[in-house]
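Notes follow once the structure below has been shown.
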Amino acid sequence: MIKMRDVAIIGVGCTKFGELWDRSFRDVFVEAGVSSLEDAGIQGEDIDGIYVGNMSGGRFVEQEHIGSLIADYAGLASTLHVPATRVEAACASGGLALRQAIFAIASGYNDIVVAAGAEKMTDVGPDIATDALAAAADREWEGIVGATFPGLYAMIARLHMHAYGTTPEQLASVSVKNHHNGTMNPIAQFRNEITIDTVLNSSMVADPLHMFDCSPISDGASAVVLTTADAAKKYTDTPVYIKATALACDTISLHDRPDITTLGATVEAGKRAYQIAGLTRENIDLVEVHDCFTIAEICAIEDLGFFEKGEGGRATYDGETAINAKIPVNPSGGLKTCGHPVGATGIKQAVEITEQLRGTAGKRQVDGAEIGMTHNVGGTGGTAVVHIFSRNR
Amino acid sequence: MISMTVARFWRMIPNRYNLIGTQCTNCGQYYFPPRKICPTCRRDGKIEEYKFKGKGEVVTYTVIHTPAKGYDQQTPYNIAIIKLDEGTSLTGQVICDPKEMQIGMKVRSVFRRLGEESERGMIYYGTKFVPE
Numbered sequence: 008m009i010k011m012r013d014v015a016i017i018g019v020g021c022t023k024f025g026e027l028w029d030r031s032f033r034d035v036f037v038e039a040g041v042s043s044l045e046d047a048g049i050q051g052e053d054i055d056g057i058y059v060g061n062m063s064g065g066r067f068v069e070q071e072h073i074g075s076l077i078a079d080y081a082g083l084a085s086t087l088h089v090p091a092t093r094v095e096a097a098c099a100s101g102g103l104a105l106r107q108a109i110f111a112i113a114s115g116y117n118d119i120v121v122a123a124g125a126e127k128m129t130d131v132g133p134d135i136a137t138d139a140l141a142a143a144a145d146r147e148w149e150g151i152v153g154a155t156f157p158g159l160y161a162m163i164a165r166l167h168m169h170a171y172g173t174t175p176e177q178l179a180s181v182s183v184k185n186h187h188n189g190t191m192n193p194i195a196q197f198r199n200e201i202t203i204d205t206v207l208n209s210s211m212v213a214d215p216l217h218m219f220d221c222s223p224i225s226d227g228a229s230a231v232v233l234t235t236a237d238a239a240k241k242y243t244d245t246p247v248y249i250k251a252t253a254l255a256c257d258t259i260s261l262h263d264r265p266d267i268t269t270l271g272a273t274v275e276a277g278k279r280a281y282q283i284a285g286l287t288r289e290n291i292d293l294v295e296v297h298d299c300f301t302i303a304e305i306c307a308i309e310d311l312g313f314f315e316k317g318e319g320g321r322a323t324y325d326g327e328t329a330i331n332a333k334i335p336v337n338p339s340g341g342l343k344t345c346g347h348p349v350g351a352t353g354i355k356q357a358v359e360i361t362e363q364l365r366g367t368a369g370k371r372q373v374d375g376a377e378i379g380m381t382h383n384v385g386g387t388g389g390t391a392v393v394h395i396f397s398r399n400r
Numbered sequence: 070m071i072s073m074t075v076a077r078f079w080r081m082i083p084n085r086y087n088l089i090g091t092q093c094t095n096c097g098q099y100y101f102p103p104r105k106i107c108p109t110c111r112r113d114g115k116i117e118e119y120k121f122k123g124k125g126e127v128v129t130y131t132v133i134h135t136p137a138k139g140y141d142q143q144t145p146y147n148i149a150i151i152k153l154d155e156g157t158s159l160t161g162q163v164i165c166d167p168k169e170m171q172i173g174m175k176v177r178s179v180f181r182r183l184g185e186e187s188e189r190g191m192i193y194y195g196t197k198f199v200p201e
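Pasting the structure below:
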């Protein structure tokens, strides 16, 4: 096998997430991209390539050909002709963009690459945005019969409650914990504390999921700059090293899975990542998981091996996933409170882990964080992307 | 109801109206929605059409309060994953009082209108389920 080069993150950037009425799709990705270059201390001329995660420019802003648009408005197209590639895996588009960028460096093809993610979801009404998101599931055999995206996760939640005794209060405790963490994150869309009653008294979206069990519709962009581990110290004193990238796919339809409460893609991507990194779950100091719904976080922490199947709800309710508890989960506030501009989410997770491993996460800093993990899911688990990061090479 | 072009909907009419899927006669596994490649046997598989009997049980369910496009008039409505007696599962609407919904309940398929694009638009039909 050809020897691959080790890869490191040398710069990160992220816009505020939320309903950014005054800013366009172009505005948000330019802001995130420029701030990542400033953080890395590099110029446009240094960039060998860009990978951008974007789920549905076509539906959200009626714009395809996102690679060209990004290179153009970042000022990198007309004279430098920097190659920019859009990648798509629904809500896991950002994680997939990071993975492609890692490949570009590891292979020796490129030396400095920007991995970015961007989504502008509030330029259309919530009906169109919701319908666009439903395309992450099987349009012909789930969507057409009236299954909404929250409805599919609600069916996971229903069976999890039936099989393991998970309660609505335990589901709600995921949202309460993430709202608490979000109060300490300047980019978060929601920065308010809530209680279990806030969740349970919010309107029902798809029984048993209430509005406060669901991540919001958001705008935002994020970017990270990658180079080789050998070169990283030229740019920063605190590079964050990529220890593993893993991707796994599963059936696009929820109904085709042998166990509805287990995301097989998460289990497999997690196993592959641990194996590649030569680490186990005990080595992981913190994890950013894909909490598009509260039940998704519970499944994720079980499927990644942090808790036994069926224990995720209880563990969260008992505080075991809080910052500086047994395993800090979503110290950023997760998708629930940061917001979920779908293409940007997977990159934002990497930005959060980088800040945590650098020790610059402010009030939400996990003490002594050395090794972190991200987990980004497309659809109801048709795709899962897992990355492991370390502050030590 | 999402907007589908006539051809996109029409080409699946036998499957949607009559629960016609496929079976791999090499391993015996049934598939609905129909598959042309058996995930177990892959290119060794022998795929044939199969008309499902339409009986099954609810694996899990939800009651949708924020509807999919075109389902506003039916809200709240029940959506379930139904495991057919032949062993394969699908997603479908179960027509009954939401309070009657239970994991494990027996259901059977019925032919119903799914929705329409607009008052004068295309009407979609397909399979729904009722308690047995």
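Protein chains in written order, with my numbering: chain A, 8 to 400; chain B, 70 to 201. Every residue, glycine too, gets a C-beta built ideally from N, C-alpha and C. Note that the structure is predicted; figures quoted are calculated from it, not measured.
Legend entry - Cross-chain neighbours of histidine 347 of chain A in chain B, by beta carbon under 9 angstroms: Neighbours of histidine 347 of chain A on chain B: none; closest Cβ ~16 angstroms, over 9 angstroms.
Inset, instruction - Using a Cβ cut-off of 9 angstroms, pull out every chain A residue sitting near glutamine 162 of chain B, in sequence order please. - result: Val152, Gly153 and Ala154
Inset, instruction - Tell whether a beta-carbon distance below 9 angstroms holds between leucine 311 of chain A and threonine 273 of chain A. - result: yes
Inset, instruction - Determine whether the Cβ of glycine 195 of chain B lies closer than 9 angstroms to any Cβ atom of chain A. - result: yes
Legend entry - chain B contact for alanine 141 of chain A (CB, 9 angstroms cutoff): Judged by the 9 angstroms Cβ criterion, alanine 141 of chain A is in contact with chain B.
Legend entry - Straight-line gap, aspartate 220 of chain A to glycine 124 of chain A (C-alpha atoms, nearest Å): 24 angstroms
Legend entry - Exposed unless 16 or more other CB atoms sit within 10 angstroms - verdict on aspartate 141 of chain B: exposed
Legend entry - Three-state class that DSSP yields for proline 145 of chain B in the structure shown: coil
Legend entry - Three-state secondary structure assigned by DSSP to glutamine 162 of chain B: strand
Legend entry - Neighbourhood of threonine 245 of chain A by C-beta, 6 angstroms cutoff - its chain only, sequence neighbours within 5 removed: Arg365
Inset, instruction - Please determine, among B:Asp166, B:Arg77 and B:Pro102, the residue with the shortest C-alpha to C-alpha distance to lysine 152 of chain B. - result: B:Pro102
Legend entry - Nonlocal neighbours in the same chain, by C-beta distance under 6 angstroms from glutamate 377 of chain A, ignoring five residues either side: Asp292 and Arg398
Legend entry - Proximal residues of chain A, C-beta to C-beta of isoleucine 172 of chain B below 8 angstroms: Arg165, Leu166 and His169
Inset, instruction - For asparagine 185 of chain A, I'd like the list of residues in its chain whose CB is within less than 6 angstroms of its CB, leaving aside the five on either flank, ordered along the chain. - result: Asn337, Gly340, Gly341, Lys343 and Thr344
Inset, instruction - For chain B, find out if any of its Cβ atoms is closer than 9 angstroms to the Cβ of valine 212 of chain A; answer yes or no. - result: yes
Legend entry - Where the beta strand (DSSP E) containing arginine 177 of chain B begins and where it ends: 175-185
Inset, instruction - Please list, in chain order, all residues of the same chain as glutamate 26 of chain A whose beta carbon is under 6 angstroms from its beta carbon, the five residues on each side excluded. - result: Thr129
Legend entry - Coarse secondary structure for glutamate 200 of chain A, derived from DSSP in three states: In this structure, glutamate 200 of chain A counts as coil in the three-state DSSP scheme.
Inset, instruction - Establish whether the CB of methionine 70 of chain B and some CB of chain A are separated by less than 9 angstroms. - result: Residue placement at methionine 70 of chain B is flagged as unreliable, the pLDDT there being 46, under the threshold of 50; the coordinate-derived value follows with that caveat. With 9 angstroms as the cut-off, methionine 70 of chain B counts as an interface residue toward chain A.
Legend entry - Interface flag, methionine 162 of chain A vs chain B, CB-CB below 9 angstroms: yes
Legend entry - Buried or exposed by the 16-neighbour rule on C-beta atoms within 10 Å, applied to glutamine 363 of chain A: Note on glutamine 363 of chain A: 16 or more other CB atoms within 10 angstroms of its CB, so buried under the neighbour-count rule.
Inset, instruction - Label valine 75 of chain B either buried or exposed according to how many other C-beta atoms from any shown protein chain fall within 10 Å of its C-beta, with 16 as the threshold for buried. - result: Burial call: exposed.
Legend entry - Alpha-carbon to alpha-carbon, tyrosine 100 of chain B and methionine 70 of chain B: Residue confidence is low: methionine 70 of chain B scores 46 on pLDDT, short of 50, so the model does not pin down where it sits. Its coordinate-derived value is still stated next. Cα to Cα, methionine 70 of chain B sits roughly 24 angstroms from tyrosine 100 of chain B.
Inset, instruction - Please confirm if the stretch 204-211 of chain A is in contact with the stretch 78-97 of chain A, defined as three or more CB-CB distances below 8 angstroms between the two stretches. - result: no
Inset, instruction - For the stretch 137-168 of chain B, enumerate the residues whose C-beta is nearer than 7 angstroms to any C-beta of chain A, in chain order. - result: Ala137, Lys138, Tyr140, Tyr146, Ile148, Ile150, Ser158, Leu159, Thr160, Gly161 and Gln162
Inset, instruction - Look at the alpha carbon of proline 200 of chain B and the alpha carbon of aspartate 154 of chain B, and state the distance between them as a whole number of angstroms. - result: Taking the straight line joining both Cα atoms gives about 15 angstroms.
Inset, instruction - List the residues of chain B whose Cβ lies closer than 7 angstroms to the Cβ of leucine 207 of chain A, in chain order. - result: Those do not exist, as leucine 207 of chain A stays about 14 angstroms from chain B at its closest Cβ, beyond 7 angstroms.
Inset, instruction - Kindly give me the distance between the Cβ atoms of isoleucine 224 of chain A and alanine 154 of chain A, rounded to whole angstroms, as I take these residues to be in contact under 8 angstroms. - result: Between alanine 154 of chain A and isoleucine 224 of chain A the Cβ distance is about 19 angstroms, and since that is not below 8 angstroms, they are no contact.
Inset, instruction - Assuming alanine 213 of chain A contacts threonine 131 of chain B (C-beta within less than 8 angstroms), just tell me the rounded distance between them. - result: About 5 angstroms; that satisfies the 8 angstroms criterion.
Inset, instruction - Identify whether cysteine 345 of chain A lies in helix, strand or coil by the three-state DSSP scheme. - result: helix
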